[in-house]
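Note sheet for the following structure.
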Amino acid sequence: MEPKLCNPQNTIQLIKKYDFIFQKKYGQNFLIDTRVLDKIIAAAEITKDDMVLEIGPGIGTMTQYLAEAARQVIAVEIDANLIPILKETLQDYSNVVLLHNDILKVDITELARQYNQGRPIKVVANLPYYITTPIIMGLFEKEVPVDNITVMVQKEVADRMQTGPGSKDYGALSLAVQYYAKPYLVANVPQNCFLPRPSVGSAVIRLTRYTAPPVQVKDTALMFRIIRASFNQRRKTLLNGLSNSPELDFSKEQIAAAIEALKLPAAVRGETLTLNQFAQLADTLS
Ligand code: SAM
């Protein structure tokens, strides 16, 4: 069976047929470029053994591709007006389960248990950009069993996820993502690949979940509090950033001693530290 949807004519026809109105609040920009879809499917490395979770199937364009590649697809869509459209576009695919729900309210671990015997799943999505961070961090922090997450995000967010110290994009999101997963930039995607065109550039990024984190740290929550405090006041030194933070309870002397123990200059800025150095700092302070 050939995927049928992914071109502007079919998409417009379907939208007209159902009098569908795009909802900005749901971040609705539908993909209309087959080359981008092919890249996403290839990067996700989906096999006939896999269960794939698709977040926000829209009118089902990517869902059709996923259904052809995977054993089981679970698609979660929030917009009630898209459900009748999806029922039509996915009617030939018996391996797709459509759930009408807010992804942030779905117990994804339970879905993996129900449809994949608790084994790691793959997550693929052209994400609604307004909730990119809560979706991704939710998957990591709730320890949902995932192999990889291959998603379209805002270009700027993809840059932040994959960059290291020394770049202006480096920040708390970079470190949070890189603690849990190995990022790989699959492709930059121009605005004309979507209907309607988004106002920002987009990129596809794959995050391959580590089975064990790349650094060892005694108190992960403390490390992330330190990271947030370091980047909250980017222009301040690490010492001032950490001692001014309401999230932390260390004296200026304790922080200065920890920085010195790491053999870092007293006026070092947080944005120059690697994940490993943040882990060491957390261990020293704890
Ligand atoms: N996958 C489709 C495509 O590529 O053409 C649509 C992608 S569009 C960028 C984002 C989709 O996510 C929309 O269908 C939107 O309604 C849906 N969505 C937005 N917020 C959601 C939420 N909280 N839970 C589930 N789906 C959501």
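Residues in the sequence shown are numbered consecutively from 1, following my numbering.
Positions of the beta carbon are idealized from the N, C-alpha and C atoms, including for glycine.
Measuring alpha carbon to alpha carbon, tell me which residue in Asp-102, Asp-49, Thr-132, Ala-80 is nearest Ala-306. Only positions 1 to 286 of the chain appear in the structure, and residue 306 is not among them; the question remains open.
How many Å lie between Ile-131 and Asn-148 at the Cα? 18 Å
For the alpha helix (DSSP H) containing Leu-352, list its first residue and its last residue. This structure leaves residue 352 out entirely; the chain is present only between 1 and 286.
Quick one: Cα of Met-161 to Cα of Pro-57, how far? 23 Å
Are three or more beta carbon pairs between the region 191–198 and the region 217–228 nearer than 8 Å? no
Could you tell me whether the Cβ atoms of Val-76 and Glu-54 are closer together than 9 Å? yes
Beta carbon of Val-177, beta carbon of Ile-40: below 9 Å? no
8 Å Cβ shell around Val-97 - same chain, five flanking residues per side excluded: Gln-72, Val-73, Ile-74, Ala-75, Tyr-115
Between Pro-120, Phe-231, Met-152, which has its C-alpha nearest Tyr-170's C-alpha? Phe-231
Taking 8 Å as the line, does the beta carbon of Phe-30 fall inside it for any heavy atom of the ligand SAM? yes
As assigned by DSSP and simplified to three states, the class of Asn-7: coil
Roughly how many angstroms lie between the CA atoms of Glu-212 and Thr-11, to the nearest whole one? The question names Glu, but residue 212 is Ala in the sequence shown. The straight-line gap from Cα to Cα measures roughly 42 Å.
Check whether the Cβ atoms of Ala-172 and Leu-207 sit closer than 9 Å, and answer yes or no. no
Beta-carbon proximity list for Gly-118, same chain, < 7 Å, skipping 5 on both sides: Ala-112, Pro-145
Could you say which of Ala-279, Glu-271, Phe-278, Ile-21 lies nearest to Thr-163 if we only look at CA atoms? Glu-271
Under 9 Å between the Cβ atoms of Thr-89 and Val-124? no
Rounded to a whole number of angstroms, what is the C-alpha to C-alpha distance between Gln-233 and Lys-155? 24 Å
What residue range is occupied by the uninterrupted beta strand (DSSP E) comprising Leu-127? Where Leu-127 is concerned, there is no enclosing beta strand (DSSP E), given that its DSSP letter is neither H nor E.
Straight-line CA distance for Met-152 to Pro-128? 9 Å
Would you mind sorting Thr-61 into buried or exposed? The rule is 16 or more other CB atoms within 10 Å of its CB. buried
Assigned exposure category for Thr-47 - 16 Cβ within 10 Å defines buried: exposed
Is it buried or exposed for Asn-304, if we count other Cβ within 10 angstroms and need 16 for buried? Residue numbering for the chain in the displayed model covers 1 to 286; residue 304 lies beyond these limits and cannot be assessed.
Compute the Euclidean distance between the alpha carbons of Lys-252 and Leu-239, then round it to the nearest angstrom. 7 Å
Is Ala-267 buried or exposed, if buried means 16 or more other CB atoms sit within 10 Å of its CB? exposed
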